[in-house]
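Here the structure is laid out as structure tokens; the discussion comes afterwards.
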Amino acid sequence: MTYEPPVTDYDHIVENCTCAFCGCNCDDLDFLVKDGHVVAVRHACRLGASKVMEDMDQRLLVPMVRNEEGVLEEVDWDTALDTAAKYIAESVRPVFYGWSETSTECMKEGVELGEYIGAVLDNQATICHGPSLQAMQNAGYPIQTLGEVKNRADVIAYSGSNAMNSHPRHLARYAAFPRGYFRQRGRFDRTVITMDPKFSDTAKCSDKWIGFEQNGDYGFYNAIRAVLKGKKLQSESVSGIPAEDIYELVEEMESAEFGVLFFGLGLTHTLGKQRNIDIAIKMVQDLNANSKWGLTPMRGHFNVNGFNIFMAYETGWAFGVDFCRGYGRYMLGETNTIDLLVRKEPDCFMVIAADPGAHFPNGANQHLADIPVIQIDIHWGPSTELADVVLPGSFISVECGGTSYRMDGVPIWMKKAIDKPETCRDDEWIVRELKERVMKLREEPNVADKYVPNEGLACLLDK
Amino acid sequence: MHYANTYLAKPVVGDLEIESEGTTQVLKCMLNTGSDIYQGACKKRGSTLKEEYKNASGTCYMDPRDMVKLGVKNWDHVLVKTDYGEVVLNAARSRDAPHQGTVFVCKGPWANTITSHETYCCSDPTYKGIHATVEKTDREVLLMADLMRWVYKKYVDEEDDDVVENMESLGERPVYNGRKWEELIDHDL
Amino acid sequence: MEYILKNGIVYDPANEVNGEKMDVCFKDGKIVESVSGDAKVLDVTDKIVMPAGVDPHAHVAGPKLVVGRLYRPEDERRGVAQKTKVTRPEAGFSIPSCPTTGYRYSRMGYGTVCEAAMPPLEAKHTHEEINTIPNIDINPLPLFGNNWFVMEYARENRIDDLAAFIAAFLRISKGYGVKIVNPCGSEAWGWGMNVHGYDDKAPYFDVTSREVVRALAKANEKLGLPHSIHIHPNDLGHPGNVPTTIATLDSIKDIAKSTNKAASVRDQTVHCTHLQFHSYTGNSWKDAASGAEEVADFVNKNKYITCDVGQVTFDETTTMTADAPMEYDLFKISGLKWANKDIECETAAGIIPCIYSPKAPVSTLQWAIGLELFLHIDNPWQVCLTTDHPNAGPFIRYPKIISWLMSADKRMSMIDNGEVHKWASKRTGLGSIDREYDFYDIATISRAAPAKIHGFQDRGALTPGYNADIAVYDINPNDFDASKNPEAVEAAFSNAYYTIKDGQVVVKEGDIVATKQSHTIWTNVIGYEEEEKQIIDSIMPFFTQYYSVKWENYQVHDHYVPNPVRVDVEAK
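Residue numbers (the numbering used here), protein chains in the order written: chain A, 16 to 478; chain B, 3 to 191; chain C, 1175 to 1746.
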């Protein structure tokens, strides 16, 4: 990368903007604005800056519908919305996927539409931290806000997470480097341990790297738990880590005043999946017997946690909620997008603020080639290549305000800094329009005549 | 107007001298996928149609010793095969080496063609720890739009992989009728 | 629109109406003296008419609820119901989804619920949930007891600064009053510790619970807020915690109630919540027994105290409290999945599923202590009906508790027939109490008293000018023996004949017939603007350094309170 002079030609600065990239939701960004465009951004990492300083070449500006030749054609908003609404209204098994890069205000419209039509609502958790959510349902969820980490933590462990690449400011703003109330010397007061088969960029700036072998996560944590409970390891090494190193590590973790385990997709995407995290959570719980430990999943998108939180309070479940019968059903591995697509169940797919084209495995995406796909997004991306209707949204936290939830559950109002392109619409508006149009086209299915208490609840009431 | 620039043509990788032709035709290895900062930046700035995304995401990061074995230099092309598909990728020296016997491909449409959709009933596909083979190839790494056309064939009347692979490229810009984006956007390249 | 509820039997303790047959009129959402001949008549002949219920303490909205829902899908599946033309799909038993919460409170004839723990950092989240709950108004109480700034002011006894701080933070978080949970204990939990007793210090902060509670009580009365301090004392759920509870309540004795107009509705200077969990004697669970009589006696003698009970209902429920160390203790006992959430500079929270079984000695002891408190506290204006939802049981069990309170026979038969563990008779005095509540008492503990305690001037009574929040139950009290028909009491109070919210019929014969957006009730202190500005300026360097969000993004904007009821308090 060549040297670039700082941008000095701007009209004004908008302070305290929130970064709409990863789950760190850094809310200290300054946007330099000239002629209604952000020309530079301060305090952001490379990821955040690159998103705000977007590539306008591929910005979606006009609604489009595929014509008979399979070419996307520009249309007016009415035509595009009507086409999309028709696809949804005519479907029997629609899936609304995405939501992690839009605001909870938009999700609110989405859940109303989903409940009305009987759709499956799912988000990116299904391909990233779904197993983490499943694991917390098995084992528990001891977490803390990132400010707690900053103020108290003296031992920080990253497991299966390359924060320096996927959450670049995580170490700097919250975990390893900042000067906290009880950690006045910042990085010098903390020990950073990275547990990862790969000698990642995060491992390179840690005090300690535990390079357990690929798919060895479960065995490794199991060994730690055994040692925590005072057992002696029977073999010389576990998951490629010598026994004496494990003893040493356990001693270090147990003597922490306040330890935090941050874990990423390294645990969720390998073969143990949710079981890897089960055992990591149990390890953290065990550590609390003599020390104070917490954990936090390193959520990828800025509002992926927000969707889970939002769905939990709106419907009762975090993601993959199926309303086809008029009430919510939730069964991991059945009502989730990948499983549905692999089983070739959906007959209409709406993707909002997400990119399955870029992130679903081939085996799942194949089905998208057979069914109508509606895309609501800001950039022309891999999903556009599979989309039949394209609705250009607006950029939350830059062109449009909204609420998001950080990886630790702290809600943040993401304010608007500049106006959106004239021809685009806010996500919230688009989904509301779709909802209203679908309601006109089709009567609501699976409505009970009268409130019928759930049989389980009724017999409980009789007790 | 002067914009701050976040563009980077190719990820920065370490130098690698490869003299010989290599000793192995097909390298058996473990495939991991995931994100890195180049891929993430490219994806979210929205330049997915472009060469830069292809280089960030369509690259197979290898241990230098494995590269020597195969006789591939930085930015040579390799064919990676798994039980779930195959794809042509750039080869490059991994920044995280040593990790002999493991290759890393950033997530994206290229990785998708070779990762496993098996969720084992827990919603999440198996993106990591997949058995793969790597071999040197002369085939080209496809741009994103071409790759999507080649893999999913949603909008082409053609079933044959080879024919689709060699069709005229869809290019690095959005392709659709009547669009005058230059007039709509104030941008400078 | 004018309405007249005709020929109901009215119980309105605030206006000393005890079972009189009379009409209730309302117009444009407010109770009125009379209406014209065009008024729509709702015939409720010989049915019970009360003000809509007011829940003084429950956990219905906020971050820890969501953690509960996220990690307990099994609980959500227990309450599933299909959507209707009016209602959205329902889900959840002890931690229902937000719409479900609204519907179920509404079906019981409730109109107002206090959300009892809101961490200011995540107040936006609480407000988002409040906006999703239909049909009931909610006043959230921000947590102050372990706030770093508060502990600092308390240590230095800076009551004026503390008052300004409270005024500012009520506005910033859009909160209603001062909630204190395990003062200093949740901060100690930051290091995996707890405080023991009332005079223990939080590590590093050099301040005791006593100092924090007294400082907050003084500041609360200085401002003259509508509600008093709302305290969850130290040592919750620990055998032998009676001395701590009484020491806590006793320490407020010398603090005079504010003479401010806003504070004039209430009589108390301290509201002690879920008192049941704080009334245990003994040294461990082996020799634990009821301390209800001693605690009730203390409440009876001291009119500056009010309480709610936190009645155990024998359900599988989800406990959640800002008393995080206590939740870890529960985890060590039960081994069930444990969740925890520490919040920087403010508080912590713990969550764990809990099974209260009538076959289990401890559950039964807790059940009996709760009922003993209800029955030993003489003045129903000092005690309120709660389950500390969802901690001791879900709120849908209120009607069951009402049936227990109204029937000594029912209680005795549970003890005598072995429906509950023998600890109920061996370790408590429940079996010897034959007091029974009547409908007037029930109306007091579930409506009038909670409204008075919270200082509401627009609800909890059928006074002209008040909100038309009314509940009608299908029982003819003149021809009904509640003591002999506990099941009928429970059925009637579970499914209101009418629930009227702001003059709109939202429930008819147990069915939701309409939904309306709920209000957020918050307190706006007037007269402290200058002090507030100074205090915010003074905390700003600390805030910038040690919080993980920017001040601008910390505050709750009006966006999150689209439907407010602002209670203005002239503090000077």
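Glycine residues also receive a C-beta, built at the ideal position from the N, C-alpha and C atoms.
Please list the segments of the alpha helix (DSSP H) lying wholly inside the stretch 1499-1540 of chain C, counting only runs of 4 or more residues, in order along the chain. none
Closer than 7 angstroms: C:P1225 CB and nearest the ligand SAH heavy atom: As presented, the structure is devoid of all ligands, the ligand SAH included, so that no description of it is given.
Pick out whichever of C:G1524, C:P1564 and C:L1510 has its Cα sitting closest to the Cα of A:A154. As a first step, residue 154 of chain A is located in the first sequence; it is residue number 139 there, counting from the start. Selected option, being the one with the closest Cα: C:L1510.
How should B:R67 be labelled, buried or exposed, when 16 other C-beta atoms within 10 angstroms of its C-beta is the threshold for buried? Counting from 1 along the second sequence, the entry for residue 67 of chain B is found at position 65. Flag for B:R67 reads exposed.
Taking C:H1412 as the reference, give the member of C:L1423, C:T1455, C:S1425 and C:K1427 with the closest Cα. Start at 1 with the first residue of the third sequence, and residue 1412 of chain C comes out as number 238. When only C-alpha atoms are compared, the closest one is C:T1455.
Report the neighbours of C:R1262 on chain A: residues whose CB is nearer than 7 angstroms to its CB, in chain order. On the third sequence, position 88 is the one that residue 1262 of chain C refers to. Within 7 angstroms Cβ-Cβ: E130.
To the nearest angstrom, report how far apart C:A1338 and A:N318 are at their CA atoms. Here the question's residue 1338 of chain C lines up with position 164 in the third sequence. Here the question's residue 318 of chain A lines up with position 303 in the first sequence. Rounded to whole angstroms, C:A1338 to A:N318 spans 35 angstroms at the Cα level.
May I ask you to report which of helix, strand or coil DSSP gives B:L145? Position 143 of the second sequence, counted from the start, is the residue given in the question as residue 145 of chain B. Residue state, collapsed to three classes: coil.
Does any CB atom of chain A fall closer than 8 angstroms to the CB of B:T84? By one-based count along the second sequence, residue 84 of chain B stands at place 82. So no, B:T84 is outside the interface.
Just to confirm my understanding: we take C:F1379, look at its own chain, exclude 5 residues before and 5 after, and list those with CB closer than 6 angstroms. What are they? For this step, residue 1379 of chain C is matched to residue 205 along the third sequence. Contacts found: M1325.
Strictly below 9 angstroms CB to CB, what residues from chain A border B:P66? The residue labelled residue 66 of chain B in the question sits at position 64 within the second sequence. Result: empty, since nearest Cβ-Cβ is about 13 angstroms, beyond 9 angstroms.
Take the Cβ of B:G173 as the centre, count every other Cβ of all protein chains shown within 10 Å, and call the residue buried at 16 or more, exposed below. Taking the second sequence and counting its residues from 1, the one referred to as residue 173 of chain B is at position 171. Classification for B:G173: exposed.
Taking the Cβ atom as the reference point for each residue, do C:P1638 and C:V1228 lie within a distance shorter than 8 angstroms? For the purposes of this step, residue 1638 of chain C is taken as residue 464 along the third sequence, with counting starting at 1. For the purposes of this step, residue 1228 of chain C is taken as residue 54 along the third sequence, with counting starting at 1. Not a contact, by the Cβ cut-off of 8 angstroms.
Proximal chain A residues relative to B:N57, where beta-carbon distance stays under 8 angstroms: Residue 57 of chain B sits at position 55 when you count from the first residue of the second sequence. Near B:N57 there are no residues of chain A at all, since even the closest Cβ is about 14 angstroms away, more than 8 angstroms.
Note down, in chain order, every chain C residue with its Cβ under 7 angstroms from the Cβ of A:S306. Walking along the first sequence from the start, residue 306 of chain A turns up at place 291. The contacting residues are G1366.
Can you round the beta-carbon distance between A:K213 and B:D126 to whole angstroms, since I take them to be within the 8 angstroms contact cut? For the purposes of this step, residue 213 of chain A is taken as the residue at position 198 of the first sequence. For the purposes of this step, residue 126 of chain B is taken as the residue at position 124 of the second sequence. That pair is no contact at about 19 angstroms.
So is A:E263 buried or exposed if we call it buried at 16+ other beta carbons inside 10 Å? Here residue 263 of chain A refers to the residue found at position 248 when the first sequence is read from its first residue. Looking at its Cβ environment, which holds fewer than 16 other Cβ atoms inside 10 Å, A:E263 is exposed.
Could you compute how far the alpha carbon of B:P13 sits from the alpha carbon of C:T1697? For this step, residue 13 of chain B is matched to residue 11 along the second sequence. For this step, residue 1697 of chain C is matched to residue 523 along the third sequence. So the alpha carbons of these two residues sit roughly 55 angstroms apart.
Identified DSSP bridge partners for C:F1716: By one-based count along the third sequence, residue 1716 of chain C stands at place 542. Per DSSP, none; premise fails for C:F1716.
What span of residues does the alpha helix (DSSP H) with C:K1392 cover, start to end? Start at 1 with the first residue of the third sequence, and residue 1392 of chain C comes out as number 218. Counting along the chain, the alpha helix (DSSP H) containing C:K1392 begins and ends at S1383 to L1397.
According to the Cβ coordinates, are C:V1387 and C:I1405 closer than 8 angstroms? As a working note, residue 1387 of chain C is residue 213 in the third sequence. As a working note, residue 1405 of chain C is residue 231 in the third sequence. A contact, by the Cβ cut-off of 8 angstroms.
Based on Cα-Cα distance, which residue from C:I1269, C:D1202 and C:D1335 lies nearest to C:E1704? The residue you call residue 1704 of chain C lines up with position 530 of the third sequence. Checked all of C:I1269, C:D1202 and C:D1335; the closest Cα to C:E1704 is C:D1335.
Identify, in the order they occur along the chain, each residue of the same chain with its Cβ nearer than 8 angstroms to the Cβ of A:N305, setting aside the five sequence neighbours on each side. Walking along the first sequence from the start, residue 305 of chain A turns up at place 290. Around A:N305: E269.
Using a Cβ cut-off of 8 angstroms (strictly closer), state whether B:T121 contacts chain A. Here residue 121 of chain B corresponds to residue number 119 of the second sequence, with the count starting at 1. Closer than 8 angstroms: yes.
For C:S1606, is the classification buried or exposed, using 16 other Cβ atoms within 10 angstroms of its Cβ as the cut-off for buried? Here residue 1606 of chain C corresponds to residue number 432 of the third sequence, with the count starting at 1. With fewer than 16 Cβ atoms within 10 Å of its Cβ, C:S1606 is classed as exposed.
Taking a cut of 8 angstroms between CB atoms, which residues from the stretch 16-31 of chain A lie near chain C? E30 and N31
List, from N- to C-terminal side, the beta strand (DSSP E) runs of 3 residues or more that fit wholly inside the stretch 257-281 of chain A. 274-278
Are the CB atoms of A:E329 and A:V90 within a distance shorter than 8 angstroms? On the first sequence, residue 90 of chain A is found 75 positions in, with the first residue counted as 1. On the first sequence, residue 329 of chain A is found 314 positions in, with the first residue counted as 1. For A:V90 and A:E329, no; Cβs fall outside 8 angstroms.
Chain-ordered chain A contacts of B:M32 [CB-CB under 7 angstroms]: Against the second sequence, residue 32 of chain B aligns to sequence position 30. Ordered by position in chain A, the residues that pass the 7 angstroms Cβ test against B:M32 are Q229.
May I ask you to report which of helix, strand or coil DSSP gives C:I1307? For the purposes of this step, residue 1307 of chain C is taken as the residue at position 133 of the third sequence. If DSSP states are grouped into helix, strand and coil, C:I1307 belongs with coil.
Apart from the five residues just before and just after C:N1321, which ones in its own chain have a Cβ nearer than 6 angstroms to its Cβ? The residue given as residue 1321 of chain C occupies position 147 in the third sequence. Taken in chain order, the residues that qualify are E1520.
Beta-carbon of A:D477 versus every beta-carbon of chain B: anything under 8 angstroms? Along the first sequence, one-based indexing puts residue 477 of chain A at 462. Below a pLDDT of 50, predicted positions are generally treated as unreliable, and A:D477, at 44, falls in that range; the measurement from the model is reported next regardless. Closer than 8 angstroms: no.
In whole angstroms, give me the CA-to-CA distance for B:R151 and B:K56. Indexing the second sequence from 1 puts residue 151 of chain B at position 149. Indexing the second sequence from 1 puts residue 56 of chain B at position 54. If I take the Cα positions, the gap works out to 15 angstroms.
Express the C-alpha separation of A:E267 and C:A1542 in angstroms, rounding to a whole number. Stepping through the third sequence from its first residue, residue 1542 of chain C is reached at position 368. Stepping through the first sequence from its first residue, residue 267 of chain A is reached at position 252. The alpha-carbon atoms of C:A1542 and A:E267 are separated by roughly 47 angstroms.
Spatial neighbours of A:E400 within its chain, please: CB distance less than 8 angstroms, with the 5 preceding and 5 following residues excluded, ordered by chain position. By 1-based counting over the first sequence, the position of residue 400 of chain A is 385. Only G372 meet the Cβ criterion.
Quick check: what's the CA-CA separation for C:K1658 versus C:F1548? For this step, residue 1658 of chain C is matched to residue 484 along the third sequence. For this step, residue 1548 of chain C is matched to residue 374 along the third sequence. One C-alpha to the other measures close to 19 angstroms.
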